[in-house]
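Asker:
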Amino acid sequence: MAVIAHLRIPADSFELGRILDLEASGLIELENMVPMGEKAVPFFSVSDEVRESFEQNVENHPSVGHIVEVTRHDTERLYSLDWNVKRDVFFQGIIDLEGQLLSATGTPNTWEFEVRFLTHDALSEFQDYCSNAHIPLEVGRIYNPVRPGTGMWYGVTQAQRETLMRAVQGGYYSIPRRMSTQDLADDLGISDQAVTERLRRAIVALTENTLIAMEEELAEEFEHVPDS
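Each number in our numbering comes from the position in the sequence shown (counting from 1) with 1 added on.
Here's what the structure looks like:
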């Protein structure tokens with residue numbers, strides 16, 4: 002049965018954390034991680050106040066091919082990173098154990114992740130993997146996404162929750178629609194592309210970690226029911 006784990010590691014203990022070197026006031030939110038052949042291209046948002054030093058640090062890192070500014074809105078910029086994931090032991094462990102990265106937020110000292118593993122055993126294997134790789138992994142909340150009440154948000158990040166709740170409360174999904182994508186973007190102070198992506202990821206996470214997970218659990222239960 003699948004589990005979702007909240008993980009925390011020092012920023013300097015994995016390759017991407019060292020690449021995305023931040024100043025004291027910096028904050029990064031990983032918006033998406035898109036597989037591109039043998040690469041995993043991350044899309045992440047950065048505040049304008051640390052943009053210049055951030056871009057310089059990232060472009061000078063040997064593991065980075067190039068960094069591209071995708072969109073900008075007010076004080077936030079969305080970037081994509083051409084990065085060799087095979088050089089990152091932490092992310093390679095997630096990939097090898099078929100974990101699904103649901104969210105990631107980085108500060109100058111610490112990164113926090115929410116990762117979905119197929120089983121408790123897979124999570125235990127990942128903990129052993131990190132221990133053997135000398136990655137100081139701290140495991141926080143662990144919950145079963147199938148059971149309401151056992152986990153707070155079913156894999157939906159704070160930013161995604163805020164966007165989805167404002168969309169519902171503001172009439173984004175009403176007929177007729179009372180709020181446009183641009184209205185929602187202006188309300189949140191982000192780009193319309195970021196709004197669309199956050200809504201998409203929130204809906205996918207909720208569906209996968211509730212409806213689909215419940216259906217899979219029921220299917221497993223029926224498989225173990227003896228024939229009469």
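All C-beta atoms in this analysis are idealised placements derived from N, C-alpha and C, irrespective of residue type, glycine included.
When the Cα atoms are used, what is the spatial distance from P137 to R178?
Answerer: Cα to Cα, the separation comes out at about 48 Å.
Asker: Would you mind reading off the limits of the alpha helix (DSSP H) that contains E60?
Answerer: Looking at the DSSP string, the run of the alpha helix (DSSP H) that includes E60 is R52 to E60.
Asker: With C-beta atoms as the reference, is F91 less than 9 Å away from S14?
Answerer: Yes. Within cutoff.
Asker: When the distance is taken between beta carbons, is P43 closer than 9 Å to S81?
Answerer: Against a cut-off of 9 Å, the Cβ pair of P43 and S81 comes out as a contact.
Asker: Cβ of V65 within 9 Å of Cβ of V59?
Answerer: It is a contact, given that the beta carbons lie within the stated cut-off.
Asker: Just curious, the beta strand (DSSP E) that Y144 is in, first and last residue?
Answerer: E139 to Y144 is the span of the beta strand (DSSP E), which, as asked, contains Y144.
Asker: State buried or exposed for E222, treating a residue as buried only when at least 16 other CB atoms are found within 10 Å of its CB.
Answerer: In this prediction, E222 scores a pLDDT of 49, lower than 50, which makes its location untrustworthy; the coordinate-derived value is nonetheless stated afterwards. Exposed.
Asker: Select from S54, A123, E99 and E209 the residue whose C-alpha is nearest the C-alpha of V157.
Answerer: For the residues S54, A123, E99 and E209, the minimum Cα distance to V157 belongs to E209.
Asker: Excluding the 5 residues preceding and the 5 following I176 in the sequence, name in chain order all residues of the same chain whose CB lies nearer than 6 Å to its CB.
Answerer: Result list for I176: empty, nothing under 6 Å.
Asker: Would you decide whether G141 is buried or exposed? Buried here means 16 or more other CB atoms lie within 10 Å of its CB.
Answerer: G141 comes out exposed.
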